[in-house]
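Remarks on the structure that follows.
4 protein chains.
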Amino acid sequence: MSIHEECGVFGIFNRNLEHDAVQETYLALYALQHRGQVSCGIAARNGDNVDCITELGTVPDVFNKDKLASLTASGKGNVAIGHVRYSAQGEEDEINSQPMVMSYAKGSISIVNNGSLVSTAKLRSNLEAGGSVFQTNSNAEMIVHLIVRHRLQTENIEKAISRAMSELEGAYSFIIMSPKKLIAVRDPKGFRPLCYGKLGNSYVIASESCAIQSIGGEVIRDIEPGEILVITEDAVYSNKDNCGQKTSMCIFEHVYLARPDSVIDGASVHRARLNAGKFLAIEHPVEADVVVGVPDSGIDAAIGYANESGIPFGIGLIKNRYIGRTFIQTTQRQRERSVQIKLNPLGNEIEGKRIVLVDDSIVRGTTCAKLIKKLRDAGAKEIHMRISSPPFINPCYFGTDISSKDKLIACKLDIDEICRFIGADSLGYLSRESMMKVAENSKVEFCSACFTGEYPVDVTGENFVDKYSKKIN
Amino acid sequence: MSIHEECGVFGIFNRNLEHDAVQETYLALYALQHRGQVSCGIAARNGDNVDCITELGTVPDVFNKDKLASLTASGKGNVAIGHVRYSAQGEEDEINSQPMVMSYAKGSISIVNNGSLVSTAKLRSNLEAGGSVFQTNSNAEMIVHLIVRHRLQTENIEKAISRAMSELEGAYSFIIMSPKKLIAVRDPKGFRPLCYGKLGNSYVIASESCAIQSIGGEVIRDIEPGEILVITEDAVYSNKDNCGQKTSMCIFEHVYLARPDSVIDGASVHRARLNAGKFLAIEHPVEADVVVGVPDSGIDAAIGYANESGIPFGIGLIKNRYIGRTFIQTTQRQRERSVQIKLNPLGNEIEGKRIVLVDDSIVRGTTCAKLIKKLRDAGAKEIHMRISSPPFINPCYFGTDISSKDKLIACKLDIDEICRFIGADSLGYLSRESMMKVAENSKVEFCSACFTGEYPVDVTGENFVDKYSKKIN
Amino acid sequence: MSIHEECGVFGIFNRNLEHDAVQETYLALYALQHRGQVSCGIAARNGDNVDCITELGTVPDVFNKDKLASLTASGKGNVAIGHVRYSAQGEEDEINSQPMVMSYAKGSISIVNNGSLVSTAKLRSNLEAGGSVFQTNSNAEMIVHLIVRHRLQTENIEKAISRAMSELEGAYSFIIMSPKKLIAVRDPKGFRPLCYGKLGNSYVIASESCAIQSIGGEVIRDIEPGEILVITEDAVYSNKDNCGQKTSMCIFEHVYLARPDSVIDGASVHRARLNAGKFLAIEHPVEADVVVGVPDSGIDAAIGYANESGIPFGIGLIKNRYIGRTFIQTTQRQRERSVQIKLNPLGNEIEGKRIVLVDDSIVRGTTCAKLIKKLRDAGAKEIHMRISSPPFINPCYFGTDISSKDKLIACKLDIDEICRFIGADSLGYLSRESMMKVAENSKVEFCSACFTGEYPVDVTGENFVDKYSKKIN
Amino acid sequence: MSIHEECGVFGIFNRNLEHDAVQETYLALYALQHRGQVSCGIAARNGDNVDCITELGTVPDVFNKDKLASLTASGKGNVAIGHVRYSAQGEEDEINSQPMVMSYAKGSISIVNNGSLVSTAKLRSNLEAGGSVFQTNSNAEMIVHLIVRHRLQTENIEKAISRAMSELEGAYSFIIMSPKKLIAVRDPKGFRPLCYGKLGNSYVIASESCAIQSIGGEVIRDIEPGEILVITEDAVYSNKDNCGQKTSMCIFEHVYLARPDSVIDGASVHRARLNAGKFLAIEHPVEADVVVGVPDSGIDAAIGYANESGIPFGIGLIKNRYIGRTFIQTTQRQRERSVQIKLNPLGNEIEGKRIVLVDDSIVRGTTCAKLIKKLRDAGAKEIHMRISSPPFINPCYFGTDISSKDKLIACKLDIDEICRFIGADSLGYLSRESMMKVAENSKVEFCSACFTGEYPVDVTGENFVDKYSKKIN
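Residue numbers (the numbering used here), protein chains in the order written: chain A, 43 to 515; chain B, 43 to 515; chain C, 43 to 515; chain D, 43 to 515.
Here it is as C-alpha cells:
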C-alpha cells in the first residue's frame, strides 16, 4: 500500500508530419506509465478527423499493433495527445478514461489532464444552469465545458482558457488539442509538473522530462505555473495572464511520484532523493553495518544516507518484478506473507547485521511491520528505520491519494509508538525543514499540506474520499 | 448483403424491486438482437446511482456473469434500460454505443434510441451556439441536449420532451430514464415500433412485442405515434400533445426487419409476411412443383405463396447457423462461393423440379444470382423468383440502410433485365398496392418512400451515406 | 436438453497445391459445426512439417485471421485435417481436442475421429503393458498407438490399420494424415457416416456430404463400413479386409444428428425426416387445425405430417437464434421461463387452434412440458404431441449422449403417463418398424439399440457415464 | 538482447493437506518467473485425479481466480508441481508447455523439467523402435518414456529413474509426480540448480532457494548432482546411484540467470556477483568518478566494483519497468532508439563524469554501443566498460541460449576491436580464473564451456539452433 500519482499527459505537434505522432505518443506513455496504470489512451488528429482509443489497462495491455494501426489509418497524425490514469475523482471505470474528444461550435476539442480541482460542485452547478450536459464526473470534462463557454465570447481559445483559469481552483496540468493548436496549461500554483521540448522540428509536451528524453527529444523548459503555451504549425507562444502567483508544487513528486531521471522546475528528482537521504543521515545518525533501501522508491535515499554516513550501501531486499495488479491471494495465510512474496530478504546481506532501512513513507505501518519482521527472521541484529519524508497527517486534495486521517498511522500514534508498532529499534523521519530543501535549484515553492495542514488554496468545502478500501494491491 | 434494422430498445420500471431489472433487460435484449449486432448495453438505476455497460458485440459477447453482477452490485435496479445497435449514423465504434448516461441541472438522464433524425445539422448548430459540447455524433446525445435546454424552462421532463419533439424531425423511438421516471417516446409519424406491457406489477417498454413476451410479460399496447408515456413508481400516464399527425410506419418492419412473432400497431408481422406471399401468388402465378423460401426471411412469404397457389411448400435450402460476423474469407475463390457456404441446396428437393423461389427483397442482385446458379447446379429445372416487396428505388433516411441509388439494381435495370441478371426463368415483385395491404388490422399508415420516393418528411437536405462498402457480411 | 452428436471430421489431399488446404478445411468445419461445438482444430502438413491448432470453442471462436495465417505460414498445405468436437469420452477440456499430431518410428501421424469405442480398458491395458504412455483419455490416441504397434511389423500403414481394426470394437470414423497419405477409415458396422468426394483434382473426406457440397466439391460416395480408403498424390485405393459385416448405422443420424442436406449411405436425411412425419401421420392421426414443428429439428417431420394428413403446416414457434452456450440465467425465475426465451409462441397462429406439435424426441420431458404450457397460455385449444422416433429406453455407447436410464422419461413412465406429464391432449411416438423404414434407399442397416436394447456389439462391460449434469444448455 | 534461462520448476508434497498446494505453487512460480516467461503451468493431484493447466504467458497472464479455482475444485491438492518456461528445444508453442501429465501401466506420471539433453536423436529413435509415440519434441516427454520403459522391469520408480539416468546425457533438473510420490532428480553434472525445503510439515522442491523462501518455507539443502530425492506422505529418502561424478554447474546461473537472493550449492548468487565486481576492479582498475551498473543484472557487480575500487557507486540509468514482450516498434526510427526507451540516462549523474559502466555480458555488442552513445550524449566524459564475465566464444547446449558463433561479437573481434565497436574508452572482461572463483563456498564445480570450449559431456553430434532471430525483445 503506497501513495499513487494520478495521471500523466503527453502531446506532440508533428510539424510537417516528420514523425508518426501516434507511435511517439505510445512510446512516451511508456515513460509515464508509473504515473497511472488504471487506464490509458491516445487521440490523434489528421486534418479534421480525430481518432481516439481509451481503455482500462496499462499501455501494453491496451495498445497492440491493430489498435495503433487503426489510429494511424487516416495518416501520420498532425497532432496527438495521450494519457495514463490512476483513478482520481472517478472510479476505476472506463467512462472517465482520457483523452476526451468533444466537439462544439468551433470544432473539435480534445483534452488530457493531470490534477484534481477543488470547489467543483459550484463550478458544475453554474455550468449546468447554462444547459451543460455531462457524461462523466471527470475534471477534464468540466474544464472543457468552461473553456467552451468562454470561447463563444472571446476571439481565440487561449484567451478563453485564460478566463476559464480564473474560475478553476486546485491542481491541473492539461493539454488541449484544437483544430489548429496544441496547448499546454499548468495551474497558477504549479501543483503538478509539465514541461515541453523539441523532437526534430516538432514540439512535444509531457508531465515529466523523462518522457521527452526517452523518445529522443530535447527538453526546452518547464511550463510555468499559470502559463498557457500554444503550439501551431508555425509558431510557439505563451499567454502568461495567470502567472506570477505564489507557487506550491507537490513535494511528493520529488519524494515518490516522479521518475528519478526527471528534472522538475529545475530540480533533479534523483538528486532530491539523494539529498533527502543525506539530510536524514544528518538528522538521524546511527551506528550500523549496512544501509538498505526498500525497492524501488527507497533506494535513492538509501544511497544518499550511505554516502553521508559512510555506512556501506547494500542490496538487502529483492523485489519480485512480476507481481502486479492481477496477483491473486485467496487465503488468509497468503495475505499475511504477501510482503515476502513481493520483497525477499537477501539472507547473507542481512544476517547478523545492524541495518539502516530506508523508505520514502509510512502510510498504515502494517507493510513496514511485516517487512521488519521478515528481516529479523533473516537474522538482522538491529533495524533502524529511516523515512525520507515527514509524517503525513493531512489528506491531499490535489491529485495524490494520501489517505484520510483514520488510516494514517501518524495521525494516531506518535513517533515512539510508530516505532514500537513497526518493531524497529529506532525510527527517524525527515524534518519538514529539510524536506523543503531537498529539491536543489527548484524554481518553484512547494505544497506541504500533507505534513503541515497549510493548504495553498481553500479546501474547506472538500470531502476526502478514501480510496484505499478499493485498492487491489 | 441485406437490409438491416438499426436498433432495438428496452426499458423496465421495476416496481417494489420485484424483479432483477438488469437480468430482465439482459433477457429482453436477446429477443431484440435481430435489430442490431454491432454493440449493446444496459444502464441500471439504483436510487441515485446509475451504472452502465456498453460494448461492441452481441449480447452474449458483451455480457458475462461478472458484468451482469457489476451492474447489480448496488441493488436489483429500480429502473433499467438496454439497447442493441446496428450502426446508424455513427460508425462501428464504441463511442456511439448506447445507453448514454448523462447528468444535467436536474440530475441524471439516460437514453436509448432507435431511429434516424433528419435536419440534424441545423439542430446541432443551434445547440452548439448555446454552449453545448458533444462527445458523439449520435442522435441520442442531441435529443438529450435538446430536452435539457427545454427542461430548464419547463415544470417537468415530459413537457420538455413534448417541446423538444417539435424541433425533432425524422424517425425516433426512445426511452429516457430520469431520476424518478421511465419515459417512452415515439415520433409523431411512428416510423419505428415501440410498445409497452406489464411484468408482474412492473412496467416494461420494448421496440417489439416479442421481447415483452419472451420474458413472460404481457403486452398492453403500442406507444402511439407522437405519444410520451411516463411510468413512475405509482403512476402511468401519457402526454399526447404531438399525437394525431398522419402516420408513416416503416413497412419494412413487416417485410423484413421485425421478428415474425411481434405484433406492431395491431398487425402480426408473421401474418403480414404470409399475406405478402399470398398476394404474390395472386399477382404472379406460375406452374411449379415446389415453393422454396430463402431462409430465414423468405420462409413465411413462401408458405403464404404455397398456401394460396396450392403448390407444395418445401425446404430447399439449408442455412448454416454458425456463419457470423467473424467469418473469414481470405481467397477470392472463397468469396465467390460464399453463398453456398451459407445456403446449401437440398439436392433431392431441388433436382428435376420447377421451383418458385421466394425472398423478401433484391438489393444488388449478386447474391440472388449466385443462389440461382447453385440451384440450377443442383438440378432445378425452372426457377421462378418471387419477391415479397416492390423494387426499392430510393434511399431511406429513417434508420434502415437501404443503399444509395448506384448500388440498387432496381435503379439501373428494369424487371426483365433483373430477371436476366439473376438468371431466373421469371421474376415477380409484389405490387405497391398489395404491399400497403399486407399488415392486417394495422392502426397506422406506412412509409413507402423506398418504393415510391414520396418521403413523409422533408429530406431535401440529407446526404445519403452509403454504408455498404463497410459491411463485413 | 437434447441429444448431441459427438464429432465431425474433415480431410483434404490438396493435389498439386491447387487450393489453400487450411482455408478449405476451415470452411468445411463450418458445415460440420452442428456435430460439435465444444472444441475444434485443424492440422496441416507442408512437406514434412505439420502445424496444428486446437482450442475450446466453435469454429468462429477459435479461428481468426492470425491463426489461419499461422497454419499456412509454411505453405498452402499438401494435406489438412479438421475436427469439431462435442465431448464424448473426455471432458470439456482442451487436452482431448483434435486433431492429435504425433510422431513415431515412421514419421508423423495425425488423426481426427468421430465415434466411441467399447472395451477400451482391455485395449489400453494391453498397450500400456507394452510401454505405451498416454497423454489423454481419447479414443483417437489409443487408435494411433495400436496402429503404430502394428505398423512396426507390417509393410505399410493401411495394412497396420487393417490389423488394428480387428482389435477395435465400437464406433469410429477416423481420418489419418501420414507423411505421404490421407486415409479414411470407417468401422465395420458403419456406426457413423463418412464420405469422400472431389474438389477440383483434389480429394476431400467428410463426416457428412453437406460439408463437401458447401465448399463446392462433388460427392463421390460413402466410405463403406469396414473400408480403409487411401489417398496419395497420385492414387486412390481401398483396403476392404474388414468390409462385409452386418452393418448398424446409427438411426439417430437421420432422426436428429445429421444436417438435413446430407445424404448418408444413399439416403437423404431430409427425406428420412419427411418420411418419419408421414409415418407418424399414418400411425397417429388426429383432427387438428395446424401442424407445428419444434424448431429446428422438428420442422421437417412436421412438414411430412402435414403433407400426409392434409392439415396445414404452420410456423407456430419462433426460435431465438442468438441464445447459445454463454447464456446466463442467474435467477430461478429465469430458469423457469428459459423455454420461452428460446422459443416464443407465435400468438395468432396458435390462438384458438387445435395443434399437432411435432418434435424429434423427448428426453426428460421437462422442456416439452414447459413448451406445451406456453402454447396453452398463448391460446392453443388442443395440443397433440407427435414424436418422430420411438421412445428411448437404453443408453448409447457409440457416440451420442443419450442419457442413462434414470433420466429417460420413457424408462419410468408409460406413454399415457408421459402424455399427462407433458400436459398434451394426446401423444404418439413413431413405431420401431416405421423408424427402420424412414431412410429410403439406404445401403446400410441400422442400430436401434436405444429403442430396443439389442446392441450390435457386446457392451456388457461398459459403464454409462451420464453427462447431462454437466451440460450448460 | 541477452541470455535467457530456459525454465524453472517447483513441487510440493502437501502432507495432511495442511496447505492449498495449488496456491503455494502459484506463489512459488512468481518467484521463478525470471527463469521463463513464455509459458507456465501447474498440475495438482487430489487422490487419483490429476488436473493440469498450462498456457502461453507469464504467471499473471495465465492464472486468474477461475483457473486457480478449477485446479482446486477437487481438493487442496496432495501434491502439485509447476513450471515456467522460456523456450528451449521447442518453439514458442503451447504444445511444449509443462507440466506434462501422462499415464502408463502403473498409473499417472507428471513431470516438470529444466535443462537440455544432448544425444536425443539416438534416444528417441531407440524409444520409437519399441513403439513409443511422441506428441511433442520436449525432453520431458522423452524422459518419461524412458522411465516408463525401465519401470516395467523394476520394482519401483526411483530404481527406474536411476536406470534411465544412465541413458540420459546433458542437463536436466526435473520433478516427477507419481500416484504416491514426489521425486526430484538432478543430473550427475548438476548443470542446473535444484533444492528442497520444508513448508510446515510439508516438503517443497524448487529450481532456486528464493522460491522456497518467498512462500515462507525453510530451505533444507540442494539436491546433489545425480541424486534422486523421493518424498512420500511419511518418508523422505534418496537414491544416490548416479552421484559422485565430476560436476559442472552452469556458472551463468551466478553471472546472470539466477535471482540474487538465491543460494545455489552453498554459494550466494548476490555475493558471487559482488565478487565478480570486486575481481573486475582488481583486474581492470581505472580512474573514474562513478561506477554505474546496467540495470538490473549489472547492479550487483557495479556495487562490488565500487566497494573494491573506492569509486562511488551511482544510479546512472533508469530502467523502464513497463516495457515487456508486447512492446511494439513499428518504425525503423523506433528500433534505433529502443535502448533509450528501456534505459534512460540520469542526466545529472552522468554529465561531466568519468564512468565505469558494469554489465554482465556482451552478446552482439549493438545494445552496448547504443547505450554508450546515449551516455555520451548525456555528457559522460569517459566511459570504461567492465564486463563481469569472460567473453563467450562457444555455444551452450545445456539450456541457455547463448548464440551461435556468428552472432557472438567475441568470436569475431578481439577485445580492442570490441572496445572500438562499442565506443568505450576502455574495456575489461573478468578473467576465466576469477570467474571460477566468484561463487564462494560452492560445493560444486562449474561448466565454463561457453568461455573455454571445454564441454563436460560429448556434444559433437549437436547442432546449435540459433534462436535469436525469433526473439521479440
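Even for Gly, the Cβ is constructed at its ideal location relative to N, Cα and C.
DSSP places B:Asp283 in the coil class of the three-state scheme, outside both helix and strand.
Beta-bridge partners of B:His61 (DSSP): none assigned.
For B:Ala73, the CB contacts under 6 angstroms within the same chain, skipping 5 residues up- and downstream, are Cys252, Ala253, Ser256 in chain order. In the DSSP assignment, D:Lys240 falls within the beta strand (DSSP E) that extends over 237-241. Following the DSSP letters along the chain, one finds B:Lys384 inside the alpha helix (DSSP H) bounded by residues 380-384. Taking a C-beta distance under 8 angstroms as the contact criterion, A:Asn155 and A:Val51 qualify as a contact pair. Between C:Gln75 and C:Thr100, the gap from beta carbon to beta carbon is short of 8 angstroms. The three-state secondary structure of A:His76, taken from DSSP, is helix.
Taking a Cβ-Cβ threshold of 8 angstroms, the residues of chain D close to A:Gly258 are Arg379, Gln382, in chain order.
For B:Gln65 and B:Leu450, the gap between their C-alpha atoms comes out near 41 angstroms. Neighbourhood of A:His326 in chain D, by CB distance below 7 angstroms: empty, with the nearest CB roughly 22 angstroms away. At a cut-off of 8 angstroms between beta carbons, C:Ser310 contacts chain B.
Along the stretch 72-90 of chain D, going in chain order, the ones with a CB nearer than 7 angstroms to a CB of chain A are Tyr72, Ala73, Gln75. Against chain D, a Cβ distance below 7 angstroms from C:Leu194 picks out Gly173. Counting only runs that start and end inside the stretch 221-265 of chain A, the alpha helix (DSSP H) elements of at least 4 residues fall at 251-256. Taking 8 angstroms as the CB threshold, C:Ile435 stays off the interface with chain B. Note: D:Ser215 is bridge-paired with D:Asn156, D:Arg228 in the DSSP secondary-structure output.
Chain-order list of chain C residues neighbouring D:Arg191: Gly173, by C-beta distance under 7 angstroms. Minimum Cα-Cα distance from A:Gly286 among the listed residues A:Glu329, A:Cys237, A:Pro230, A:Ser249 corresponds to A:Pro230.
Contact between C:Pro387 and C:Lys361 is absent: CB atoms are separated by about 11 angstroms, not below the 8 angstroms threshold. Counting along the chain, the unbroken beta strand (DSSP E) around C:Ala122 starts and ends at 121-127. The bridge partners DSSP lists for B:Ser81 are B:Leu98, B:Arg127. Taking 8 angstroms as the cut-off, the beta carbon of B:Arg234 is found no closer than this to the beta carbon of B:Glu269. Taking all protein chains in view, the Cβ of A:Ile189 is crowded by 16 or more other Cβ atoms within 10 Å, so the residue is classified as buried. In this structure, B:Ala422 lies near B:Ile392, with their beta-carbon atoms less than 8 angstroms apart. At least one C-beta of chain D is nearer than 8 angstroms to the C-beta of C:Glu170.
With a contact defined as Cβ atoms closer than 8 angstroms, B:Thr162 and B:Asn181 qualify at about 7 angstroms. Proximity of chain B to C:Asn386 at the Cβ level (cut-off 9 angstroms) is accounted for by Ala73, Cys252, Gln255, Ser256, Arg301, Asp303, in chain order.
An exposed status is given to C:Gln195, since fewer than 16 other beta-carbon atoms sit within 10 Å of its beta-carbon. Chain-order list of chain B residues neighbouring A:Val186: Val175, by C-beta distance under 8 angstroms.
Note on B:Asn483: under 16 other CB atoms within 10 angstroms of its CB, so exposed under the neighbour-count rule.
A residue is called buried once 16 or more other Cβ atoms fall within 10 Å of its Cβ, and B:Ser351 is buried on that count.
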